[in-house]
Every structure is written in C-alpha cells, then in structure tokens.
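Under the UniProt record's numbering, the first residue of the sequence shown carries the number 1, and numbering increases by one thereafter. From the three backbone atoms N, C-alpha and C, an ideal C-beta is built for every residue, glycine too. Given the structure is predicted, the values throughout are model-derived calculations rather than measurements. Presented below is the structure to which this report refers.
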Amino acid sequence: MPPHIAAPDGPGSRAPESTTTEGVHLKSGDLGFAGEKTSGSDESPVETDPPGEVEFKEGGYGWVVVFSVLLVNAHTWGLNSSYAVFLAYYLRSGSIVGSSPLGFAFVGGLSISIALLVSPLATWCIGRFGTPHSLRIGVVLEAVSFIGASFSTHIWHLLLSQGWVGPGGLTYALATNAMISQLGLAWAFRILAIIAFVVNGVCSLTLRDRNHAVGAIHVPFHKGLFKRFEFWLFVGWGFFGLLSYVIVVFSITDYAQSMGFTASQGSLAAAMFNLSQGLGRPLIGLISDRFGRINVAAIGTLVAGMAAFFLWIFAGSHFAGLIVYALLGAFAGIIWPCVAPVGAEVHYQSTGSFPK
C-alpha cells in the first residue's frame with residue numbers, strides 16, 4: 001500500500017466511498033494537490049479547490065483536442081525523424097558544399113537539442129500567450145525551416161534551417177524518400193513545409209487548454225532542482241538515452257544503404273522504427289502504471305542497449321534482422337513516454353509532493 005494512503009482502522013473495516021470536505025467530493029485514497037493524505041487521517045489537512053470550480057468531463061470536444069495533439073506530434077516529431085532519409089541522401093549525393101559526415105551529424109543533433117533548449121522559452125510563451133498562440137509561432141518557424149532547407153547549398157545553410165529552427169516528426173520516412181526520388185530534394189522540403197504548415201495551423205485553431213481554469217502556473221526554471229542529486233541522476237538517464245536514440249533514429253537509413261540495401265529498403269527500416277515508437281508508447285504507459293515508472297524505464301533502457309549489441313551488430317547485415325531491430329524502436333525511444341512520469345516520480349520521492 002502506498003505510504004500516502006491511510007490504511008483502514010481494522011481488518012474488517014472499509015474506507016468510505018467518498019468524503020466531503022468544504023463542498024469538494026474526494027474518493028477514498030485520492031491525493032491532494034501536493035500529495036497529502038485525504039482519508040483516514042485528520043493530521044494532514046487537505047488542500048481543497050475553491051468552491052464553484054468547473055468540473056471537466058471526458059468525451060465531447062476533448063476528443064477533438066486529442067486528435068489535434070496526435071496530428072501535431074505526427075507533423076512535428078515525425079518530420080524530424082525524416083532527417084534520416086535526408087542524411088542518407090546527403091552522404092551519397094555530394095549536393096552540399098563543404099560538408100562532412102560530422103557536419104551532417106551536427107545538424108541532426110541540433111534539431112533535437114535546440115528543441116529541448118528552448119523548452120523554458122516555450123513554457124514562458126504558453127503562460128504568457130496561451131497554448132494555441134505559442135503553437136502558431138512554432139508552426140511558422142517549422143515551415144520557414146523547411147523552405148530554407150530547400151534552398152541549402154552549403155553546410156551552414158542546413159545548420160541554420162534544419163538545425164537551429166528544425167522541426168520534428170513521426171512516420172515521414174517513406175514519403176520523404178519517394179518525394180526525393182520523384183521530385184528532387186528541394187521540392188521534397190517544400191512539400192513537407194506546406195503539409196506541416198496546413199495541418200499544424202488547423203490544429204492550432206482547434207486546440208484548447210484549461211490552464212486558466214485550473215490555475216496552472218508556468219515557471220521556466222525550478223532552481224531548487226539543480227541542488228538535488230536525484231535530479232542529476234534523472235538528467236544523466238535522459239542524456240544517455242537521447243544520445244543513443246538520436247544515433248539510431250538518424251543513422252538507420254544510411255546504415256541500411258551502407259550494407260548494400262536500396263534507398264527504399266533503408267527508408268522502410270526507418271519507417272518501421274518510427275511505427276514501433278508510435279504503437280509502443282501507449283503500451284509503455286500502461287505497463288508503467290502497472291509495474292512502476294522507474295522500473296519500466298530502467299528495463300526498457302536495458303532492452304534497447306542489448307538490442308543494439310545483439311541485433312544491430314550481428315543481424316544488421318541481413319535486412320530481416322534490421323527490420324526486427326527497427327520494430328524495437330519503442331525501447332530505443334523509451335525516454336519520450338517515460339520522461340514526464342519518471343520526472344514526476346523522482347520529484348515525489350525526493351520532496352514528498354508532485355510538481356505543481
């Protein structure tokens with residue numbers, strides 16, 4: 001039994017179905033705002049919500065918001081993963097002046113790192129302007145980055161377009177390879193820019209948040225966390241998890257071609273890797289609720305490392321083995337479904353309360 005839930009008084013007793021405190025109905029065992037006990041004890045007062053707070057019901061327009069978030073993820077992080085196809089093309093075409101494999105790797109790394117570095121700024125924008133307006137700023141930057149990349153002829157052009165204002169993506173590997181083959185590199189970028197701008201722009205009009213209703217407070221930095229050892233362990237896990245993830249997601253297409261497979265087969269391996277992530281993340285979330293967030297994150301990270309050693313190294317020269325490894329993409333990218341719940345769990349274990 002978790003420590004924050006009070007135990008029944010006797011072996012035959014039952015906790016009440018609900019408790020009423022100042023007009024707020026709480027089910028037995030519910031947590032207060034900061035993780036206080038809410039039943040079976042008078043020693044820890046419950047932080048109650050103000051009277052008249054809006055009750056949010058599931059269903060209805062909420063499903064529109066869910067679908068909009070799905071599309072935004074597909075046309076941001078999905079587009080980012082398509083850089084694997086562009087990278088394979090760059091390395092073999094020689095179309096970028098003054099380029100090197102290290103330079104191309106730096107571009108891919110920037111597209112992930114800059115997105116994470118600007119997260120405090122994004123948090124401030126959401127608190128200041130709201131989620132829809134902040135998303136529209138990102139929509140414009142994403143479209144500009146792809147249009148700019150379509151005119152790139154030097155490596156510094158790519159650093160500026162796909163690196164510093166680079167987007168994200170989910171399952172664009174197959175479409176990107178087909179567009180490069182049929183329409184050329186420049187028009188592949190422009191078509192992706194148009195698609196991302198239209199889809200994400202529409203989603204920015206349909207998305208709603210409840211930050212104002214729940215009184216959410218957006219703070220770019222919690223300085224106190226930097227003094228906690230648990231926080232640095234969490235950062236270390238994220239650093240090494242992202243390091244391995246970025247290497248795999250951006251190099252799997254080029255690796256397939258270096259093994260003698262065609263560009264289409266390489267893009268198929270990348271697509272399977274991304275599909276595995278898309279299908280695996282909800283399952284990882286469900287498993288985490290059952291067996292614990294930190295436990296699942298640790299085991300998933302271990303599985304990803306072992307798969308890289310035993311499948312990619314020994315079976316990667318065979319296309320079937322490469323596909324099998326790609327299907328383990330959910331473990332390679334386990335940081336994405338686990339980072340938020342693991343962060344909240346670490347905060348709770350070290351402070352006794354969940355992040356506000």
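Taking C-beta separations shorter than 8 Å and ignoring five residues to either side along the sequence, the partners of A186 in its chain run S150, F151, following chain order. In the structure shown, V118 adopts coil according to DSSP, grouped into three states. Within the segment 300-340, the runs of alpha helix (DSSP H) that reach at least 4 residues and sit entirely inside it are, in chain order, 319-326, 329-332. Contact between G329 and F273 holds, with the beta-carbon distance rounding to 4 Å and staying under 8 Å. Only residues of its own chain outside the window of five on either side were considered, and among them A269, M272, F273 have a CB closer than 6 Å to the CB of A326, listed in chain order. With fewer than 16 other beta carbons inside 10 angstroms of its own, H222 counts as exposed. By the CB criterion at 8 Å, V346 and F229 fall outside the cutoff.
V248 is a Cβ neighbour of A332, given a cutoff of 8 Å. Residue state for H75 is assigned as coil, using DSSP reduced to three classes. As DSSP reads the structure, H154 sits in a beta bridge with V97. Taking the C-beta atoms as reference points, H75 is found nearer than 8 Å to V199. I334 and W237 have their alpha carbons spaced roughly 11 Å apart. If only complete runs of 3 or more residues are kept, the segment 174-211 shows no beta strand (DSSP E) anywhere. Taking 8 Å as the upper bound for CB-CB distance, I126 and S134 are in contact here, some 5 Å apart.
Less than 8 Å divides the Cβ of L242 from the Cβ of I112. A direct Cα-to-Cα measurement between L233 and I299 gives close to 16 Å. The beta carbon of L205 is closer than 8 Å to those of P132 in its chain, skipping five residues each way along the sequence. For L275, the enclosing alpha helix (DSSP H) begins and ends at 263-291.
When DSSP states are grouped into helix, strand and coil, H133 belongs to the helix group. Of all C-beta pairs linking the segment 81-91 to the segment 248-259, three or more are shorter than 8 Å, placing the two stretches in contact. In terms of CA proximity to I284, V339 leads the group V339, E142, L158. Leaving aside the five residues that flank I147 on each side, the residues in its chain whose CB is nearer than 6 Å to its CB run, in chain order, A193. Taking 8 Å as the cut-off, the Cβ atoms of A88 and Q257 count as close. The beta carbon of L91 lies closer than 8 Å to those of P101, F104, D254 in the same chain, with the five residues before and after it left out. For S68, same chain residues with a beta-carbon under 6 Å away, outside a window of 5 residues either side, are C203, T206, L207 in chain order. In the structure shown, H222 adopts coil according to DSSP, grouped into three states. Inter-residue distance for G108 and V65 is about 30 Å (C-alpha atoms, whole angstroms). In terms of Cβ geometry, I191 and T153 do not form a close pair [threshold 8 Å]. With distances taken between CA atoms, F240 lies nearest to T301 out of Q349, L141, T301. Contact annotation, S244 with A304: C-beta distance approximately 7 Å; criterion of less than 8 Å satisfied.
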